[in-house]
Structures are given as structure tokens and as C-alpha cells.
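Top to bottom, those sequences are chains B and C.
For the first sequence, our numbering gives the first residue as 1, with consecutive numbering after it.
For the second sequence, our numbering gives the first residue as 1001, with consecutive numbering after it.
What follows is a single structure, written as C-alpha cells, with notes after it.
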Amino acid sequence: MSALHLAPDDRPRSLETMLRIVARIQRRSALTWVLVLGASLVGTAAGVAALYDTTAKIHTYAAAVTTGSTLVAINGKVEGIDSLGGVIQDEFGFMVAFLMPLLGISLVARATRREEECGRLELLLGGRIARHDPTVAALLVTTATIVSTAGLFAAGLALFGVPLAGSVLYALSVGGLAFVFAGLAALLAQLTLHSRGVYTWSLIILAASYALRGVGDVTNTWVTWLSPLGWAEKAAPFGDQRWWTLVIPLAAGLALGAAASWLAGRRDLGSALVRGGTGPDRASARLRSPIGFAVWIHRPAILGWLAGGVLLTGMMGALSHQFLGAMAGNPALAQAIGIGNGPPMDGLVAATQLYLAVIAAGYLVQAVGTLRREEGDGRLETRLSGVLSRNRWLASHAVVLLGGLMTIVLISSLVLGLATALSAGDMAEFGPALLSGLAYLPAELVLAGVALAVYGMRPRLFGIVWAGYAAMTFIAFLGPGLNFPQWALDLSPTTQVGNPPMGAVQSGALIALSALAGVLVAVGFAAFRRRGVPQN
Amino acid sequence: MTDTAPVIRVEGLTKNFGRVRALDGLDLTVRRGEVHGFLGPNGSGKSTTIRVLLGLIKATSGRVELFSGDPWRDAPRLHRRLAYVAGDVALWPGLTGGQCLDVLGSTHGAFDERRRADLVEQFQLNPTTRVRDYSKGNRQKVALVAALAADAELLVLDEPTSGLDPLMEQTFQRCVRDRRETGVTVLLSSHIMGEVEALADQVTIIRRGRTVTSGTLSDMRRHTRTVVRAVTMADPGVLTDIEGLADHQRERLAELTDSRFTIDTAHLDTAIGRLHEAGIHTLTVTPPSLAALFLRSYGETPGPDESVGEESLAETGR
Ligand SMILES: Nc1ncnc2c1ncn2[C@@H]1O[C@H](COP(=O)(O)OP(=O)(O)O)[C@@H](O)[C@H]1O
Ligand SMILES: [Mg+2]
């Protein structure tokens, strides 16, 4: 740490030091983001280019997805959809709308509030790093990551024959989207006390942006311009190419970032504008029991993912009637979103349940990741130095994880059933909606098993689980629409379920998945009993 | 209790982390009812030893007994009889201090409500404040109060005062003495000599994962040297004729004389007598520091992987 011994007035060196530190902390996650996002875009582009290889096919696609407003609400209104780039933008629209902002949010939150929370920032600021340097450095490193991602995007699109100008504008517009949210997260990191607060508030704002963009696109009004997602869309890289729109996210991101570093330079370390008040002076009996305590730890994640699930199923259900009308008028639509032939309502429920499975699996991976954080932060050591055995500790968390999973899947499926019933005017889809949700449980548990096994054996390698989850998400969202080869589709446990209620539930596969999940969980427990604690 | 077996017995303990050998044949015996100081520079293996003792990590080789049982096999049952404060106190930021005390209390098994209330008062903890709003010292106090309130036979404290201010350190020392009065055994790890000196009956000093020496503090002192600096009214003259005195330096200040020397603890009395005759103006007697113990007794400087903090180099008696 000799680099920390700086002369007091050595300002540029201080920022440089901080930059080096942040770059080191973030190296791995930044690289993962760049590679995962780059690979997703290249995969999408390759799929689209192979599938829509004639102008006639592209035209059919364009006509299909612009029928009705359901897909416009979900993927956005793509100007110039009648081109290869436009199709890619549309297909990738949903993923990009969440992943690019998340890149900005997570990299900034990690390097700022999270570091401050752990007290590591205190150490650095004691070493004569100026107060606002961590914020500036976090933003710079995040910007570099965004630029690299955008570079890969532009190159990837150009590689598959999308015109260069459009490719570059597209990459810059989605890069701008990430930049705005990076600035927002930096500001929120100054206002809230906890990195969890940064995530919660940024994601709420992201959800609001998504809703605003959807409303604006469906109603064809200026409302779209209120949303950062709208700014990216209005750049119209494959339509009118409005380069000037790039100024908006740039200015917004810079303003937010400047406000953040201004605040960082003025407030006390460890303080926040929004702070929680006091609380009870004794723990309830529930909190003192291992299971009750596990519930307390996982409750925020369960509620957050549940909100995501209900939002998804409620929206899809509510739009189902309109969607049916659109498909009746244009058979190519079903093809384009990967539903294929069959009763259209079943197709819609099946697609929604697949998305819900992705949400539920994401909850499981994140929840097991929480255990890793308990260990890495040093709390597990204290917990296991008492009367609680390792088995009981892990088992109480496993029970709560399972309970959370059931809650998320059941309530979301119920909402889907009710919303489709209300929208379509009959209860025909209620049972299938509920049952198909349950059918995905074994597939979701396989992911929980993988996460637990990795946690039990080598918590340090937990990144592998997230990579596996990313692959599963990619296959689930884009695989069917882009006609992936069967072996690639089969890699995801969700494929094995059989796409209910459109396809028949593969009960043999469900049993095999359950058994696999059971084995993985057992491996996780056995390994956890044998390894040293703490490891991180 | 008629049980005479040691509470902790460690013999020839080794622990490898991959290719790093953290413990290299360490011995440690703690008998019932004693406060045992476990001293060593940073990185010498104190926390690792304690984790093996608690069954958190598995020994590579050697014998480890806690209450005559095997901590790796039987951790939860043995843990019922002890309370532990980890070196890096980490608590749940969203809980209040009081909630944390109860959650920790539930992991320690039983605890005494009256003692808990007393300790909260003595350590000046506000139990309704959220942990995320606590300073480091306050978080440490929560862990200490939880352990001291527990109905335990053994307290395992890993560098427990690193975040406390001097006033709270006094409180801590008083509370540990109170607990010892009731027959509790204490293993106190530290890299600060003064703290161990104030509390411990027995001391084990380790270095690079090995026990260097073990015994009572005064036993160890006997072989080491005390640093004396005195400013006297008159010139005490050349002191080198006193047995066991060395490194003598003398300097005349206007009216006064400044003398410095090191001396065997056994002959301190003679030297102070001579200074007294010359009329003492100011006197600083620095007992041997941990660093000095290493440097003098083993004739080497601390290794590059170890650091002996300024505070332990300049430890003064109290
Ligand atoms: N989990 C681990 N992996 C690798 N090395 C470790 C691990 N834990 C401790 N060490 C190493 O073991 C040595 C002893 O560490 P520790 O017991 O924490 O020392 P102390 O508590 O005396 O400061 C150090 O060199 C440290 O780097
Ligand atoms: Mg230690």
C-alpha cells in the first residue's frame, strides 16, 4: 500500500491512486459485464442475421411486431424496424433496457457506498485521498466499462452487416443509457446509507422509466421523452438517426455525477441525507430463532423479486386480450416471439411462465449469494461460533429460500391466472397458468442446487453461478425466437420442462431435474460441513 | 469444579492455507480459571489458532482439545460453554444494537439479563441505534457486551480492544476481571503488551505460527531489559558499575542531567536508588515491549510478513 503515502497537496496523484484502487476492485466484475453483454449482443445479432436473411423475411417480422401495441410496450418502438439493425434492436430491446442501466448501477454502487459501508473507504480517506475522489474514480471506471461495451456492440453489429453509422449510434445511445444510471447511482450513494438503498431506489427509477417509455410509445406521445430509455430509443439509429439526442443522457449523467461528487466532498464520511431512525431495543423471539433470522435476512430479496414477478405476470395478463387480437390478425407475430403454433393464449402464458422462471431462478442465485456475503463480511464466523451447527444454519436458510421461491412463483402465477381471466373474460387459463408455474419449480431448484454446491465447495467461484444464470436467461429470452439449435436450448434446465401450458409437461424430466437438484443440494451441504469458515 | 484437565490444549498444531503455512507447530495450554494472554505480532497466527480451536477451520496436523473434546467434530456442543468475540467484529447493519445483542445472545446459548443490562450501561451503548449508524468502537462494544453477558465458562477474545478508546478499555479490563472472579477462563489474543500485562496471569507468545515462549509475565520479564530515562537535579555520575546496566548515555542540560540506559529487571531497584540520590526531576521507565522481547531474546528483527505496531514498540507501564 505504499502508493497511499501521498504528499498532502498532490491532487492529481490522489485521483490517480483512487482510480487504480477502484480499477483493481472492479476489474473482474467490469470484465464480466463487458463480456456477457458483448456476447449477448453478438449472439442476438448472429441469430437475427441467420434467421432473417432476406428483406422479405425482415419485412414480415416488422409487420408482425408492429401489429397491436403489446410488443411495442415491452420492447419499445423501434424506428426503422424494417432493417436488420432494427430487428436486432427490437429483439435485444428488453434485455438492453435492464442490463445497461444495471451495469452502471452495480459498478458504481460497489465502488462507492458498499466500500464506505465496509469501512474500507475510511482507510483510504485516512490515507489522504480527497473525499470526492472515490466517486469520481468510480464514475470514470464505470464510464470506461460502458465505452468498452459500446465498442463491442458497434463492432458486433457491423460484423453482421449492419451499416456502420447506425451501429455506432446504437452503441452510443445504449451506452448513454448506462451512463445516466451510473450518475444516478453515484448520487443515490451519497443520499442513502446502504448499498441496498442505492439498488432499491435506482431500480424503482428504472421501472418508472420503463413504464413511462411504454406509455409514451403506446400512446405515441411526448411522454417517451421523460424516460432515459426513451432518449436511447429516440436516437433512432436505424431510422432517422438523431445524433443530437446523445447530448441528453450525456448532460444528465454529467449533472448527476457532478452533484454526487459535490455532495461527497461536503458530507461526513459514513453519513447520509436519508438515514434510518432508531429501532427496537430488543430482538423478537422470532429474530432469535435461526429460521426467523433467515427470514429477516432474505425478506427484502423475496419482496423485490416478487414485485418483479407480479409486475411481469400482471402486465402480460392484462395485455393478453389485446395480444390475442393482434395474433389473430397476423400469424407471423406468434412466430416472431417464439410462441409458434398452438392456442395463442396458451402460448402467451407459456412465454410469461418462462420469463417468471428466469425471475425465480435469479432470486435463488441472489439469495445464495447473500450467504456468501454473510461469510465474506465476517458475520457467519460469529454465527457459527455459538450453539448453531453448520447443518442447522444452512438448512434454515435453505428452508427460507424454498419458502421464498414458493411465494414468488405462486403469487405471480395467481396474478397471471387472474389477470388473463379478467382480460379475456373467462377462467380457461386460470388452472394452466397456476400449474405451469409449479412445473418450473424443479428447473429453478436446479439453479439453487448449483448455487449451493458452489457455495459449499468454493464460495470464491460464485461468479460461475451468475454466468450460468446469464446463459440460462439468454437462452430463455432469445433462444426460441432466434431458432437456437436444440442442443443449445437443452443446456438450460427450463427447456426440459416442456413449455407448458402450450407443450405437455415432461414429467420424466421434472423427476430428473428434481433428483439433480437434490443431489446438488446434498453436495452443497456435505462440502459446507467439511470446509473452513470463513472463506471469501 | 474438580475438573483439572486444561480448558484448551493445543500441541504441535500446523495449518496450511494452500502453500502458505500459517501455523507451524504451535503449542498452547490454558488452565481453568486463568486469564491467558495470547501475544504475537500481526500475521503471526493468533486468529487462525482461535478459528481452529472453535472448529471453524480444520487443523492440518497436531492435537487440539477444547474442554477435552474435538472442536472440529463437536463444535456446537462445545460452543455451548464459551463465548467468542471475533477479531473483525461484523454485525448486521440493519439491526439495532439491542437486537444484535439478543441475536448474538441466542447464538451463545444462555445469557444473564441483569448482567446484560449492567454492561449496556457501563459500555454506554444505545441499544436502539442501528448498527450501520454505530462507529467501529461501538460495534466492538456490542460484541463484547454479548460475550461478557453470556453464561460461558470460557471467553475467547480476539484482539477485542482494537477499536475502543482508552476509557472504554478501562471498562473492558474491569469487566474481564469481574468475570474472572466468578471463575470464567479467558483467552485474550493481542498484539499489545500493555493490555495483556494489565489482565493476564499466563502468557503465550507466538511468532510465525510457532510458540516462542509461555509462562507468567514476570518470568519472561526476568530475561529482558527495561529502558530507563531520567532527568536528575545533580549528575548521578557514571552508572556502568551497576550490574546488568548497559547502553548508558549521559547529557548535560543547563542545570540538569539527562541519563538513559537499559537494565535487567532484576537490578532496576539499585539503578533507581542511584538516580534518587541525584534527585529525580522526571523519570520514565519503559518495561520491555513485545518487540523488545523478540529482539532481545531471539536476536532477530521481526520478519517482513509481521508488523509490530508503534503502540507496542512504545508501550509504557501503567
Ligand atoms: N484463509 C486464509 N487463506 C490464506 N492465508 C491465510 C488465511 N487466513 C490466514 N492466513 C495467513 O495466515 C497467517 C496468520 O494469520 P492470522 O491468524 O490472521 O494472524 P493474526 O491473527 O496473528 O494477525 C497470515 O500470514 C495470513 O496471511
Ligand atoms: Mg488476527
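Where is the CB? At the ideal position from N, CA and C, for every residue including glycine.
Identify the residues that DSSP records as bridge partners of F1111/C: which are they?
Along the second sequence, one-based indexing puts residue 1111/C at 111. Partner(s): A1150/C.
Examine chain B for any beta-carbon lying closer than 7 Å to the beta-carbon of L1155/C, and answer yes or no.
Residue mapping note: residue 1155/C aligns to position 155 of the second sequence, counting from 1. It does not: the Cβ of L1155/C has no partner Cβ on chain B nearer than 7 Å.
Helix, strand or coil for D1258/C, going by three-state DSSP, please let me know.
Counting from 1 along the second sequence, the entry for residue 1258/C is found at position 258. Strand, per DSSP.
Pairing CB atoms from the segment 1189-1205 of chain C with CB atoms from the segment 1029-1041 of chain C, are three or more of them under 8 Å?
Yes: at least three Cβ pairs fall under 8 Å.
For chain B, is any of its Cβ atoms less than 7 Å away from the one on T1107/C?
Indexing the second sequence from 1 puts residue 1107/C at position 107. It does: the Cβ of T1107/C has a partner Cβ on chain B nearer than 7 Å.
In whole angstroms, what is the alpha-carbon distance linking L250/B and V180/B?
Counting from one through the first sequence, the residue named residue 250/B turns up at place 250. Counting from one through the first sequence, the residue named residue 180/B turns up at place 180. Cα-Cα distance, rounded: 7 Å.
Please list, in chain order, all residues of the same chain as R1009/C whose beta carbon is under 6 Å from its beta carbon, the five residues on each side excluded.
What you label residue 1009/C is simply residue 9 of the second sequence in a count that begins at 1. Answer for R1009/C: T1029 and E1065, listed in chain order.
Please list the partners that D1102/C has in chain B, where partner means a Cβ-to-Cβ separation under 8 Å.
In the second sequence, the residue the question calls residue 1102/C occupies position 102. Within chain B, the residues near D1102/C are R282, A283, L287 and R288.
For the beta strand (DSSP E) containing S1189/C, list its first residue and its last residue.
Taking the second sequence and counting its residues from 1, the one referred to as residue 1189/C is at position 189. Residues T1185 to S1190.
So that I know if they touch, is there some Cβ in chain B lying closer than 7 Å to that of P1041/C?
Counting from 1 along the second sequence, the entry for residue 1041/C is found at position 41. No, P1041/C does not count as interfacial toward chain B.
Close Cβ partners of T495/B (< 6 Å) along its chain, the five nearest in sequence each way excluded:
As a working mapping, residue 495/B is identified with position 495 in the first sequence. Result list for T495/B: L489, in chain order.
Beta-carbon of E79/B versus every beta-carbon of chain C: anything under 7 Å?
Position 79 of the first sequence holds residue 79/B. By this cut-off, E79/B is not an interface position.
Within the continuous beta strand (DSSP E) that includes Q1202/C, where are the two ends?
On the second sequence, position 202 is the one that residue 1202/C refers to. Q1202 to R1207 is the span of the beta strand (DSSP E), which, as asked, contains Q1202/C.
For A138/B, count neighbouring C-beta atoms within 10 Å of its own C-beta (all shown protein chains included) and say buried if the count is 16 or more, exposed if not.
On the first sequence, position 138 is the one that residue 138/B refers to. So A138/B ends up on the buried side.
Can you find a C-beta in chain B that's less than 7 Å from the C-beta of Y1134/C?
The residue you call residue 1134/C lines up with position 134 of the second sequence. Judged by the 7 Å Cβ criterion, Y1134/C is not in contact with chain B.
Using the three-state DSSP reduction, which class does L388/B fall into: helix, strand or coil?
Numbered from its first residue, the first sequence carries residue 388/B at position 388. Coil.
I want to verify the contact list: residues of chain B whose CB lies under 7 Å from the CB of R1080/C, in sequence order.
In the second sequence, the residue the question calls residue 1080/C occupies position 80. Chain B residues near R1080/C: V387.
Give the residues of chain B in contact with L1066/C, contact being defined as C-beta atoms less than 8 Å apart.
Numbered from its first residue, the second sequence carries residue 1066/C at position 66. The contacting residues do not exist; L1066/C stays about 12 Å from chain B at best.
Alpha carbons only, please: which of V1228/C, V1186/C and R1208/C is nearest the one belonging to P1006/C?
One-based indexing of the second sequence puts residue 1006/C at position 6. Answer by Cα proximity: V1186/C.
Measuring straight from C-alpha to C-alpha, what distance separates W466/B and V365/B?
As a first step, residue 466/B must be located in the first sequence, where it is residue number 466. As a first step, residue 365/B must be located in the first sequence, where it is residue number 365. W466/B and V365/B: Cα-Cα distance of roughly 7 Å.
Looking at V533/B: is its Cβ nearer than 7 Å to the Cβ of A451/B?
Numbered from 1 along the first sequence, position 533 holds the residue referred to as residue 533/B. Numbered from 1 along the first sequence, position 451 holds the residue referred to as residue 451/B. For V533/B and A451/B, no; Cβs fall outside 7 Å.
Under a CB-based cut-off of 7 Å, is P1076/C close to chain B?
Residue mapping note: residue 1076/C aligns to position 76 of the second sequence, counting from 1. Yes, because at least one Cβ of chain B sits closer than 7 Å to the Cβ of P1076/C.
Decide if A7/B is buried, meaning its Cβ has at least 16 other Cβ atoms within 10 Å, or exposed.
Within the first sequence, numbered from 1, the residue matching residue 7/B stands at position 7. Bear in mind that a pLDDT of 47 at A7/B, under 50, signals an unreliable position, so the model cannot answer this.
I want to know whether the segment 1135-1149 of chain C touches the segment 304-323 of chain B - three or more CB-CB distances under 8 Å.
no
Go to R286/B, then tell me how far its alpha helix (DSSP H) extends in each direction, as first and last residue.
Within the first sequence, the letter at position 286 stands for residue 286/B. Residue range A285 to R288 is occupied by the alpha helix (DSSP H) that includes R286/B.
Helix, strand or coil, according to DSSP, for Y1134/C in the structure here?
Along the second sequence, read from residue 1 onward, the residue named residue 1134/C stands at position 134. Coil at Y1134/C, not helix or strand.
Does ligand 1 have a heavy atom nearer than 6 Å to the CB of V141/B?
Residue mapping note: residue 141/B aligns to position 141 of the first sequence, counting from 1. For ligand 1, not one heavy atom lies less than 6 Å from the Cβ of V141/B.
Separation of A522/B from W1072/C, as counted between CA atoms
Start at 1 with the first residue of the second sequence, and residue 1072/C comes out as number 72. Start at 1 with the first residue of the first sequence, and residue 522/B comes out as number 522. About 20 Å.
Going straight from the alpha carbon of V198/B to that of W1092/C, what length do you get?
The sequence position of residue 198/B within the first sequence is 198, counting from 1. The sequence position of residue 1092/C within the second sequence is 92, counting from 1. About 18 Å.
Since I1263/C sits in a beta bridge, which residues does DSSP pair it with?
Locating residue 1263/C in the second sequence gives position 263, counting from the first residue. Beta-bridge pairing links I1263/C to T1226/C and L1245/C.
For R213/B, which residues of its own chain have a beta-carbon under 6 Å away from its beta-carbon, when the five flanking residues on both sides are left out?
Locating residue 213/B in the first sequence gives position 213, counting from the first residue. Excluding positions up to five away in sequence, the list reads T224, S227, L229 and G230.
DSSP bridge partner residues for N1016/C (one or two, in chain order):
Stepping through the second sequence from its first residue, residue 1016/C is reached at position 16. DSSP output for N1016/C lists R1021/C as bridge partner(s).
Where the alpha helix (DSSP H) through I81/B begins and ends
Residue mapping note: residue 81/B aligns to position 81 of the first sequence, counting from 1. No alpha helix (DSSP H) contains I81/B, which DSSP labels as neither H nor E.
I want to verify the contact list: residues of chain B whose CB lies under 9 Å from the CB of K1058/C, in sequence order.
One-based indexing of the second sequence puts residue 1058/C at position 58. R530, R531 and G532, listed in chain order.
If I'm right that D1118/C touches A283/B with Cβ under 8 Å, what's the distance once you round it to whole angstroms?
If you number the second sequence from 1, residue 1118/C lands on position 118. If you number the first sequence from 1, residue 283/B lands on position 283. The beta-carbon distance between D1118/C and A283/B, rounded to whole angstroms, is 19 Å. This is too long to meet the 8 Å contact definition.
How would you list, in chain order, the residues of chain C whose beta-carbon sits under 8 Å from the beta-carbon of R383/B?
Position 383 of the first sequence, counting from 1, holds the residue named residue 383/B. Residues of chain C passing the Cβ test: T1107.
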